[in-house]
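Taking mature numbering (1 follows the signal peptide of the UniProt record, and there is no 0), I'd label the letters of the sequence shown as residues -30 to -1, 1 to 375.
Worksheet: one structure, shown below.
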Amino acid sequence: MRQQGWLRILAFLAFSWVAFLLVTVKLVRQQDTSDTDSSQRLARALRELDKLHKSNAELNALVLDLNYNPRIDNKKILLSYFQNSKGGLNGPSEEYELSRRRIFSNTKELWYYVNSELQSLVKEGDGVKVEHISKIKDIVGEHYRSLLKDVTSLADVDGHALWRQQESENLSNLVQKRLKHLQNPSDCAKARKLVCDLNKGCGYGCQLHHVVYCFIVAYATERTLILRSKGWRYSKGGWQDVFLPLSDTCLLPNGETTNRWPGHRNTQVITLPIIDSINPRPPFLPLALPEDLAPRLNVLHGDPVVWWIGQFLKYMLRPQPATSNKLDEYAKKVKFQKPIVGVHIRRTDKVGTEAAFHKLDEYMVHVEQYYKYKELTDKIDKKRVYLATDEPKLFSEAKRKCVKY
């Protein structure tokens, strides 16, 4: 975090200094202008230099503050300084971005409603009426996809596309550096740690959610996450047999003092229970966002919590070389190509308990919508579907019913 602040400071100073040099060189070369003009321009240049000196002084004061007390308030002050600086990227206003995404969202919601109502009429009507309603549905669907495309295109032509890309990369790099710094303390023996047991009594997806929860608590409490994973049901050697370890330097839960959650701030090692039984519940559990990142995330992303959780998964799921090789080999084996739509249909333990039964046709409606939308801008040579399911019979059903995929 501190390194990111320094990089921004250096970049700002370098940009300002280059700008001043360019102004000065331009003044020197324009020798054919009058003495009065030269004097006025020199005066303006000196005023700009004075502003740079003042900005430099402000930055030095902020850096000293950050070095001696790198808490959240100082980070917010430094972040605010750069966000309000005229030398930064000219990003869109928060109101504009929120309005643009609201139009996109409302367009989809309107289609969901109209489509649902028309579908209900189809089920209730006679043959003639059904045919007429189906035509209306197709026409409305075409207009919906066209409108959605136009709204999406706004982001490409409004002059802020580069800002969105850079802001996304900058924020992601910032969070990844914070996680790497958190997970690799300078002295593991003295570091404050949070211990998390991977082997929660549930499946792979549930366990990933569990580790993300542990990681978020570690981030918020500024503790290095120690993941206990030996004997993992998916790889007996533990997490690091499949993915890169969460730390390069600190993997052991050793410490002078230990306690269960919540412990105390000066407790070196705290063991975290599963989220179902954590007490007291801290305020930073999902769907909370970090206070210093929330303003930028709300402008950048339509669902900032998804982005935030994704950053932890990005760090956690870095594959070992052997894992990468297996994934690459499998992709070649099944001839994995784009465009492709992934469809996950779970039929065994979830149905009848926490999930309802859904026919294959219900999933394929969304697949068809995706390809119809994509065909507005791209030529689709082949419509592909990657079907992941725990019901083997579905594969033959899909081949029989979905012949154009």
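The beta carbon of each residue, even a glycine, is placed where N, CA and C say it ideally should be.
Note that the structure is a prediction, hence the values are computed from the model and not measured.
Consult DSSP for residue i and reduce its assignment to one of helix, strand or coil.
{"i": "PHE52", "result": "For PHE52, the predicted model reports a pLDDT of 47, less than 50, meaning its position is unreliable; a value from the coordinates is still stated below. Note: PHE52 maps to helix in three-state DSSP."}
{"i": "HIS102", "result": "helix"}
{"i": "VAL239", "result": "strand"}
{"i": "ILE244", "result": "coil"}
{"i": "ASN229", "result": "strand"}
{"i": "VAL(-8)", "result": "Because the pLDDT at VAL(-8) is just 46, under 50, the model does not fix this residue reliably, and the value given afterwards should be weighed accordingly. If DSSP states are grouped into helix, strand and coil, VAL(-8) belongs with the helices."}
{"i": "THR219", "result": "coil"}
{"i": "ALA325", "result": "strand"}
{"i": "GLY272", "result": "coil"}
{"i": "LYS200", "result": "coil"}
{"i": "THR293", "result": "helix"}
{"i": "LYS374", "result": "coil"}
{"i": "THR195", "result": "The question names Thr, but residue 195 is Leu in the sequence shown. In this structure, LEU195 counts as strand in the three-state DSSP scheme."}
{"i": "THR3", "result": "Note that THR3 scores a pLDDT of 48, beneath 50, so its modelled location is shaky; the value from the coordinates is reported in the next line. Here THR3 sits in coil by DSSP."}
For residue i, does the count of other Cβ atoms within 10 angstroms reach 16, so buried, or fall short, so exposed?
{"i": "LYS296", "result": "exposed"}
{"i": "SER247", "result": "exposed"}
{"i": "LYS105", "result": "exposed"}
{"i": "ILE109", "result": "exposed"}
{"i": "PRO62", "result": "buried"}
{"i": "SER75", "result": "exposed"}
{"i": "CYS176", "result": "exposed"}
{"i": "GLU137", "result": "buried"}
{"i": "ILE186", "result": "buried"}
{"i": "GLU67", "result": "buried"}
{"i": "TYR356", "result": "exposed"}
{"i": "ARG193", "result": "buried"}
{"i": "TYR333", "result": "buried"}
{"i": "GLY201", "result": "exposed"}
{"i": "GLN281", "result": "buried"}
{"i": "HIS102", "result": "exposed"}
{"i": "GLY225", "result": "buried"}
{"i": "LEU149", "result": "buried"}
{"i": "LEU152", "result": "buried"}
{"i": "TYR183", "result": "buried"}
{"i": "GLN238", "result": "buried"}
Grab the span of the beta strand (DSSP E) containing residue i for me, first residue to last.
{"i": "HIS130", "result": "Unbroken run through HIS130: none, as it is neither H nor E."}
{"i": "HIS314", "result": "310 to 315"}
Give a yes or no on whether the minimum CB-CB distance between residue i and chain C is below 8 Å.
{"i": "THR122", "result": "Absent here is chain C; the protein component of the structure consists of one chain."}
Shortest alpha-carbon distance to residue i belongs to which of the options?
{"i": "LEU263", "options": "TRP278, GLY272, PRO250", "result": "TRP278"}
{"i": "ALA159", "options": "LEU346, ASP120, ASP128, THR227", "result": "THR227"}
{"i": "THR359", "options": "ARG317, VAL239, GLU299, LYS369", "result": "ARG317"}
{"i": "ALA161", "options": "GLN136, GLN135, ILE196, HIS179", "result": "ILE196"}
{"i": "TYR285", "options": "THR323, ASN143, VAL355", "result": "ASN143"}
{"i": "PRO215", "options": "ALA368, LEU168, GLU367", "result": "LEU168"}
{"i": "LEU117", "options": "GLU361, ASN268, TYR343, ASP348", "result": "TYR343"}
{"i": "GLU79", "options": "PRO362, PRO252, GLU367, ARG115", "result": "ARG115"}
{"i": "TRP81", "options": "LEU257, GLY111, TYR183", "result": "GLY111"}
{"i": "TRP231", "options": "ASN224, GLY225, LEU221, PRO243", "result": "PRO243"}
{"i": "VAL212", "options": "ASP126, GLN290, TYR300", "result": "GLN290"}
{"i": "LEU221", "options": "PHE282, PRO155, GLY312", "result": "PRO155"}
{"i": "PHE306", "options": "ARG354, LEU364, VAL269, ASP128", "result": "ARG354"}
{"i": "GLY171", "options": "LEU164, ILE350, HIS180", "result": "HIS180"}
{"i": "ILE310", "options": "TYR340, ALA292, LEU330", "result": "TYR340"}
{"i": "LEU364", "options": "ASP331, LEU124, ILE73", "result": "ASP331"}
{"i": "LEU178", "options": "LYS163, LEU88, SER199", "result": "SER199"}
{"i": "ASN60", "options": "VAL100, LEU132, LYS119, ARG71", "result": "LEU132"}
{"i": "ASP351", "options": "LYS374, LYS329, ARG370", "result": "LYS374"}
{"i": "GLU139", "options": "THR237, HIS271, ARG251", "result": "HIS271"}
{"i": "TYR189", "options": "PRO362, PRO250, GLU261", "result": "GLU261"}
{"i": "GLU367", "options": "LYS320, VAL321, ILE315", "result": "ILE315"}
List the endpoints of the continuous alpha helix (DSSP H) containing residue i.
{"i": "LEU357", "result": "Run containing LEU357: none in the alpha helix (DSSP H); it sits in the beta strand (DSSP E), 354 to 359."}
{"i": "ILE73", "result": "64 to 94"}
{"i": "LYS369", "result": "363 to 371"}
{"i": "GLN210", "result": "It is not in any alpha helix (DSSP H) - GLN210 carries neither H nor E in the DSSP assignment."}
{"i": "GLU332", "result": "330 to 344"}
Worksheet item: Can you list the beta strand (DSSP E) stretches of 3 or more residues lying completely in the segment 119 to 187, in chain order?
Response: Entirely contained in the segment 119 to 187, the beta strand (DSSP E) runs reaching 3 residues are, in chain order, 163 to 167.
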